[in-house]
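So for the sequence shown, this note's numbering puts the first residue at 429; every next one is plus one.
For every residue, glycine included, the Cβ atom is placed at its ideal position computed from N, Cα and C.
None of these values were measured; they are calculated from a predicted model.
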Amino acid sequence: AGDISSAWELLVDMAKDSNVERKPNIRTVNTFLRGCLVCGEVGKAKEAWQHVKDWGIVPDDSLFEYISTLLAQGLRMASLRILSASIMRPNTASAASTRMGGQTNQDNNRIDEDNDDDDDDDDD
429 AGDISSAWEL LVDMAKDSNV ERKPNIRTVN TFLRGCLVCG EVGKAKEAWQ
479 HVKDWGIVPD DSLFEYISTL LAQGLRMASL RILSASIMRP NTASAASTRM
529 GGQTNQDNNR IDEDNDDDDD DDDD
């Protein structure tokens, strides 16, 4: 229990699998983020967020709740503001588009490139 590093490695291996049925989906990512929430693993959660779009996953409300809670717990306020802005941007056609699809990776997923003092991305 609580081995987030091994869970992350499994998630990455799943993403590399050529079988579509074994690739991570929204439930897989949300389960991983719940584990990060229990263990307080902000760095790995942020890393998972960076891959969501690459893995073809459209975030749901649970994913946004988990990642925002983790960022808040980790006092990553700049990251939280960037995430909030990407969710609330009103100039897209639909709620799903507003949340993920209608934005570029640069605007949408770059919560790891803010000015938070978080050197724990690889800490266990």
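Lys444 classed as buried or exposed, judged by whether at least 16 other C-beta atoms fall within 10 angstroms: exposed
Beta-carbon separation (whole angstroms), Phe635 vs Leu491, contact threshold 8 Å: Beyond the ends of the chain as shown, which are 429 and 552, falls residue 635; an answer cannot be given.
Nonlocal neighbours in the same chain, by C-beta distance under 8 Å from Tyr494, ignoring five residues either side: In its chain, beyond the 5 residues on either side, Asn458, Leu461, Arg462, Cys464, Leu465, Ala473 have a beta carbon closer than 8 Å to the beta carbon of Tyr494.
Burial state of Ala521 (16 or more Cβ within 10 Å): Because the pLDDT at Ala521 is just 29, under 50, the model does not fix this residue reliably, and the point stays unresolved.
Rounded distance between the beta-carbons of Gly471 and Gln501, thought under 8 Å: 12 Å between Cβ atoms; not a contact.
Test: Thr497 CB closer than 8 Å to a CB of chain C: Chain labels in this structure do not include chain C; a single protein chain is all it has.
Given Lys481 as reference, the closest of Ile454, Ser496, Ser507, Met442 once Cα atoms are compared: Ile454
Residue closest to Glu449, alpha-carbon to alpha-carbon, out of Gly484, His479, Gly430, Ala435: Gly484
7 Å CB neighbourhood of Leu511 in its chain, flanking five on each side removed: Around Leu511, the same chain offers Ile495, Ser496, Leu499, Ile539 as residues with beta carbons nearer than 7 Å, after the five sequence neighbours per side are excluded.
Span of the alpha helix (DSSP H) around Lys451: Taken as a continuous stretch (DSSP letters only), Lys451 belongs to no alpha helix (DSSP H), as it is neither H nor E.
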